[in-house]
Structure formats: C-alpha cells, structure tokens
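Worksheet: the structure to be examined is printed underneath.
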Amino acid sequence: MNKVYDIIIIGAGLGGLTAGAFLSKAGKKVLVIEKNNIIGGRCSSRAWDGFSFDVGADYFAKGMLKTFARLDKDVALRPIGFSVKSFNKGKVMTIPPGLHLIRELSEFGMSKKEIAKFGIRMMKEIVFKGYSKRYKTNDRVIDAVADNDILRNILNIGAFFSGSLPYKMPSYWFNLLFGRTYGYDFPFYPMGGAQRIPDLLSEVIKENGGEVRTNISVERIHIERNKAAGVKTSDGEIEADVVISNSGIQDTVFNLTKGKGLSIEFKDRVKRYKPGLLMNSIFTAFKMDAGIINGAHLYCYFPDDVKKMFSALHNGEFPDDYIFTVSVPDAVTGKRTDGCYTGTIKFIAPRGENNKEIILKEGDKVIEMADRIIPNFKKSLVWKKIVTSEDYENEIGFESCIAPVAESIEYKKTGHRMPIRGLYCVGATVLPNGGCTASSVESGRRCAEEIISSE
Ligand SMILES: Cc1cc2nc3c(=O)[nH]c(=O)nc-3n(C[C@H](O)[C@H](O)[C@H](O)COP(=O)(O)OP(=O)(O)OC[C@H]3O[C@@H](n4cnc5c(N)ncnc54)[C@H](O)[C@@H]3O)c2cc1C
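The numbering of the sequence shown is the numbering used here, which starts it at 1431 and goes up by one.
In structure tokens:
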C-alpha cells in the first residue's frame, strides 16, 4: 500500500500545527489529526450566547512573531503592554514599569535608594541573566533582587504559570517572565482572539497541500521494529514513517505507544513528571461602567502570602485568600458585544479537588473579590458561565492545565525526539522550557527543522 502522507501529527495544538506548518512548507505531505471539532487546543476560543472567549491562553509573547514571519504570515495584533494591576496589601503595581513605578514602589515603603538598587539588580538580571545563573530556584533569584516583602510576593507570580511550588521553580523562570526568553516582557493580543494563532498555522498547512482533520481521535501509534509506522484512529488505520505527537509526553508514552520500544529508565523518567494545578474559568460579559482601564488587558489579585497560598493549593486545600486574574482583551481591541465587554476570571483549583458544587461556590466568592481590582465589576455583570476544570475536559475538550508537566527542579523535561525512530513529541510538555504558547511554537519549529535537516 502506498503511503499517502509523509508525516502524521497527532493533535492540532500549537506545537503540532507549527511543526506541520514548517514541514508542509518544506514540501512534506502532512496530515494533522485533531480529536476536537475546534483546532488550537489550549490556545483556542469558544462562543456562548453570542459572547466569544479565549478558553486557554490569552496573552502572547512577541518572540512568537518571528516564527510567523518565517512562515510569511502576519498577525494583526495590539501590544498589550502587560497591563497588570497587582493588588497586594491594598497596594498597586502596574507593569510595564514607567515613572509611575517609583510612586507605586514608594507606597510599598521603599526609599528612593532601595528603588534604585532594585532597578539596577533587575537590569543586571535581565540584561546579563546574572542571578538566575547563580541561584537554583526562582524564589532565590527574587530574594536576591528584591528586599521588599510586598514586591517579593508579587514577583512570585510565576508559580501561577510554571505549575510548580515557588521554592521548586527553576531559576530560568525569572528570565522567562521578566526578561527576554520569549518576549513576555512585550506581550501582544491577536486581533480576532487567540483562535487566530492556530487558524493561521492551519492556513499555512493547507496552502502547502497538507490536511488538518478534526473530530478524529488517534487511539494508538504503531511501532514496528523500533520505528514509528503509522497510527490507528477512530476513522481507521493510516501509515506514515514519521509520527509527531502533540498529545503530551505522558499520553504519548503510556497510552498511545503503550511504552512499546521504550526503556524502563525512560518510562520512569516520564512517570515522575507532575502536572501543574488545574484552572477554573468564569467567562463574563459586563457593562462598560465597570472600572476597567482602556488598554489594560490583565488584572491580577495577589494574596498577602503567595508562597503560603501555593502550598495550600498543592496540598489540595482551599487557601484563605486567592490569586486570580481577570483578562479583558476587549479593552485592548475595542470590541463590544451588545454594548458589553467580555472578560475571563481565572482561578486555580486545589490539587485533586473536583467537587463541582464546591468549586462553583468558590467561583462566586472570586466574583465578589473581583470588585477589589475592577471597581463595580459585580454590579455591571450581565452574563456569566463558570467552567470548572472538570467541565474543561468534558465540554471544551482539554485539560485546563497551564503546565501539564510542572517545571520543577526535581526533574527535567525531555526533548522532542523520542527514543524510537520516526517518533517525536512536541508542545508544552517537552523542551524547550517554559510550558507556554511560545515554547510550544518553538518546540514545533525545532522538531520540523530537525526532521528536515536529518534527510
Ligand atoms: C487556562 C489556560 C490559560 C493559559 N494562558 C496562557 C497565556 O496567557 N499565555 C501563554 O503563553 N500560555 C498560556 N497557557 C498555556 C498554553 O495555552 C499552552 O502551553 C499551549 O497552548 C499548549 O500547546 P501544545 O502544543 O502543548 O498543545 P495543546 O494545547 O495541549 O493541544 C494538544 C492538542 O492535541 C489534541 N489531542 C490530544 N490527544 C489527541 C488524540 N489522541 N488524537 C487527536 N488529537 C489529540 C487535543 O485535543 C489538543 O487540541 C494557558 C493554558 C491554559 C489551560
């Protein structure tokens, strides 16, 4: 039987689609198979009652634009300037820093000298990556650059994204969030919403003769004589010499290949990975009289002890006070639906907690708390839908984990090349580090380049 496809890609997340885009542009016949009816995975949008929302990622790093340029695609975007309002002990910090930061930091109790010292240390870190080379964990870098308690607390926000405890987060996270690793210091929002990103990648695949099929699930990766040979799908068997999985390293190793051809050592390594915490979202529409700031996309609420809160969440307990974010991309794009802005509140579920009733109650509490960062928020609310982590799997079609492999000093992620010929894994669960949209895109690009150059 003639092989119709050179390469099969399991999953139309950003890693899979980016690999597919580069490979099809290089002349390979690519087939992407997606189990959901919408592509993009944890970077995609959904609509309810006429309101549309990003169900996963909603802010993007400028570094990703280089990849699109290589694919000859432009992304219409608005810079979002990382407009974070962090409320901690009633204090506000607005990012990106400008002259206002001096006033804000002095309200944290910092003298001009202390502010200057902090500025110099941050510059050293960001320009020379100084401290993160010297310290093993992210919280140690934070201790080294900031003396002020409120500031240290705020800088620990990375634990929200890395999926790991603050004192187990590797120090490279400091440069990832505050430095220039992928360009999260200059984030953007795509006009048309998060879905625009996977849609553009899919366009490249199709323009170059590839296919993206939805509503088909891959059930098995065939391995013959320690070599990838094709896949079994819900729609039949498909042969190919190269298989790229975007379904996550653990799913690839333990479900799709059933560990066939993989050493015990490799399987043990992958088994040790812990997932990050799961996210719940409250999708909302609210009247314009809520006190949002035009151009401010992301608001954060920080409890007074971020480290204690993350320990409680990782121990499976509800903390006394939450970290949560409210994203309002409409304030950046100027879009309105029925005279309303849409906004998404995200809050983390304690590890293992899947009692829907309890989570819904916590969601209502978080809505009350949102008034602390967006005045009048609750009063101006006209529509809401709480989607728990369980609903994410059942209704939206993916796990609401920001980091399906928590990035921790206790283990290192594997690269995209699997120890089986012709089998690769891309996306946030493999290297490069970061576990975000930018790292997934980068993993797809690197994987494609390796396949092309290995011929
Ligand atoms: C709530 C939330 C908020 C986030 N916010 C941000 C943010 O603001 N900025 C940021 O940079 N990152 C953010 N992230 C992280 C970011 O979304 C992810 O890191 C990135 O999108 C993951 O891409 P991926 O390549 O790993 O693929 P995934 O998104 O994991 O996609 C994998 C795809 O494979 C499909 N699939 C799986 N198994 C099969 C199978 N057997 N057969 C067929 N198809 C299959 C799935 O349906 C899915 O579409 C967020 C994540 C979440 C959950």
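Positions of the beta carbon are idealized from the N, C-alpha and C atoms, including for glycine. All of these numbers come straight from a predicted model, not from anything done at the bench.
Considering only C-alpha positions, which residue in the set the options is nearest to residue i?
i: HIS1727; options: MET1739, PRO1749, ALA1715, THR1755; result: THR1755
i: GLY1470; options: GLY1480, ASP1484, TRP1478; result: ASP1484
i: GLY1609; options: MET1553, ASN1578, LEU1581; result: MET1553
i: ALA1477; options: GLU1534, THR1772, LYS1566, ALA1858; result: THR1772
i: LEU1444; options: ARG1626, GLY1457, SER1562, LYS1791; result: ARG1626
i: SER1870; options: LYS1547, THR1859, VAL1648, ALA1670; result: THR1859
i: LYS1704; options: ALA1836, VAL1817, ASP1794, LYS1815; result: ALA1836
i: THR1611; options: ARG1533, ILE1556, ALA1659; result: ILE1556
i: ALA1491; options: LEU1535, SER1536, SER1516, GLY1613; result: GLY1613
i: PHE1481; options: TRP1813, ASP1569, LYS1776, SER1838; result: TRP1813
i: ILE1881; options: GLY1549, GLY1441, GLY1450, LEU1501; result: GLY1450
i: GLY1764; options: ASN1724, ILE1826, LEU1853, LYS1636; result: ASN1724
i: ASP1615; options: GLY1593, PHE1713, GLY1493; result: GLY1493
i: PRO1805; options: ARG1472, VAL1642, PHE1713, ALA1720; result: ALA1720
i: GLY1793; options: THR1774, ILE1712, ALA1761; result: ILE1712
i: GLY1441; options: ASN1586, CYS1473, PHE1732; result: CYS1473
i: GLY1660; options: GLU1879, ASP1504, ILE1463, VAL1571; result: ILE1463
i: SER1475; options: GLU1885, VAL1575, SER1883, GLY1486; result: GLY1486
i: ARG1643; options: ASP1629, GLU1654, ASN1656; result: ASP1629
i: LYS1667; options: GLU1885, GLU1879, LEU1461, PHE1452; result: According to the sequence as given, residue 1667 is Glu; it is not Lys. Out of GLU1885, GLU1879, LEU1461, PHE1452, LEU1461 has the C-alpha closest to the C-alpha of GLU1667.
i: ILE1788; options: SER1592, ARG1766, ILE1816, LEU1811; result: ILE1816
Measuring from the CB of residue i, is there a heavy atom of ligand 1 at a distance below 7 angstroms?
i: MET1599; result: no
i: LEU1444; result: yes
i: MET1709; result: yes
i: TYR1703; result: no
i: PHE1498; result: no
i: ASP1751; result: no
i: ASP1821; result: no
i: VAL1856; result: yes
i: ILE1587; result: no
i: GLY1441; result: yes
i: PHE1828; result: yes
i: THR1859; result: yes
i: SER1870; result: yes
i: VAL1522; result: no
i: CYS1831; result: yes
i: GLY1486; result: yes
i: SER1632; result: no
i: GLY1683; result: Note that residue 1683 corresponds to Val in the displayed sequence, not to Gly. It does not: the Cβ of VAL1683 is nowhere closer than 7 angstroms to a heavy atom of ligand 1.
i: GLU1825; result: no
i: PHE1713; result: no
i: LYS1776; result: yes
i: TYR1489; result: yes
i: SER1741; result: no
i: LYS1465; result: yes
i: ASN1676; result: yes
i: ARG1570; result: no
i: VAL1505; result: no
i: GLY1865; result: yes
i: SER1647; result: yes
i: CYS1473; result: yes
Measure how close the beta-carbons of residue i and residue j come, nearest whole angstrom, since I'm counting them as under 8 angstroms.
i: GLY1769; j: MET1718; result: 7 angstroms
i: ALA1779; j: ASN1824; result: At roughly 15 angstroms, the Cβ-Cβ gap does not stay under 8 angstroms, so ALA1779 and ASN1824 are not in contact.
i: PRO1834; j: GLY1678; result: 5 angstroms
i: THR1497; j: THR1448; result: 7 angstroms
i: CYS1730; j: SER1516; result: 5 angstroms
i: CYS1866; j: LEU1708; result: Not really, about 16 angstroms apart at Cβ, beyond 8 angstroms.
i: PRO1849; j: ASP1488; result: Not really, about 36 angstroms apart at Cβ, beyond 8 angstroms.
i: ARG1582; j: ALA1576; result: 5 angstroms
i: PHE1452; j: ALA1878; result: 3 angstroms
Task: Completely contained alpha helix (DSSP H) runs for the stretch 1528-1596, where each covers 4 or more residues - done: Within the stretch 1528-1596, the complete alpha helix (DSSP H) runs of at least 4 residues are 1530-1537, 1542-1558, 1560-1564, 1568-1575, 1579-1585, 1589-1592.
Open item on the list: Could you tell me which whole beta strand (DSSP E) segments of length 3 or greater appear in the stretch 1640-1720?
Closed with: Runs found: 1641-1643, 1648-1654, 1657-1663, 1666-1669, 1672-1675, 1709-1717.
Task: Minimum length 3: unbroken beta strand (DSSP E) runs contained in the stretch 1757-1808 - done: Counting only runs of 3 or more, we get 1770-1778.
- [ ] Spell out a yes or no on whether the stretch 1501-1509 and the stretch 1617-1627 are touching, meaning 3 or more CB-CB pairs, one atom from each, closer than 8 angstroms.
- [x] Contact between the stretch 1501-1509 and the stretch 1617-1627 is established, with three or more Cβ pairs separated by less than 8 angstroms.
Task: Whole runs of the beta strand (DSSP E) within the stretch 1722-1761, excluding any shorter than 3 residues - done: With a minimum length of 3 residues, the continuous beta strand (DSSP E) runs that stay inside the stretch 1722-1761 are 1728-1731, 1754-1757.
Open item on the list: Does the contact criterion of 3 or more C-beta pairs under 8 angstroms hold for the stretch 1643-1658 versus the stretch 1516-1533?
Closed with: Because the criterion of three Cβ pairs below 8 angstroms is not met, the stretch 1643-1658 and the stretch 1516-1533 do not touch.
Open item on the list: Below 8 angstroms, how does it come out for the stretch 1687-1703 and the stretch 1865-1885: are there three or more Cβ pairs, yes or no?
Closed with: No, the stretch 1687-1703 does not touch the stretch 1865-1885.
- [ ] Spell out a yes or no on whether the stretch 1434-1441 and the stretch 1664-1683 are touching, meaning 3 or more CB-CB pairs, one atom from each, closer than 8 angstroms.
- [x] Because the criterion of three Cβ pairs below 8 angstroms is met, the stretch 1434-1441 and the stretch 1664-1683 touch.
Open item on the list: With three or more C-beta pairs closer than 8 angstroms as the rule, is the stretch 1743-1754 touching the stretch 1795-1807?
Closed with: Contact between the stretch 1795-1807 and the stretch 1743-1754 is present, because at least three Cβ pairs lie under 8 angstroms.
- [ ] Examine the Cβ distances between the stretch 1778-1793 and the stretch 1802-1822 and report whether three or more of them are shorter than 8 angstroms.
- [x] As far as the Cβ criterion goes, the stretch 1778-1793 touches the stretch 1802-1822, which means the pair count is three or higher.
- [ ] Quick one: which unbroken beta strand (DSSP E) runs of 3-plus residues sit fully inside the stretch 1441-1521? Chain order, please.
- [x] The stretch 1441-1521 is shown to contain whole beta strand (DSSP E) runs of 3 or more residues at 1460-1463, 1475-1478, 1481-1484, 1507-1509, 1514-1518, in chain order.
Task: Touching by the beta-carbon criterion (3+ pairs, under 8 angstroms), the stretch 1736-1749 and the stretch 1531-1544 - done: No, they do not touch.
- [ ] Give, in chain order, every unbroken run of the alpha helix (DSSP H) that is at least 4 residues long and sits entirely within the stretch 1842-1884.
- [x] Listed in chain order, they are 1867-1883.
TODO: Report yes or no: do three or more beta-carbon pairs, one from the stretch 1592-1601 and one from the stretch 1538-1554, lie closer than 8 angstroms?
DONE: No, because fewer than three Cβ pairs between the stretch 1592-1601 and the stretch 1538-1554 fall closer than 8 angstroms, the two stretches do not touch.
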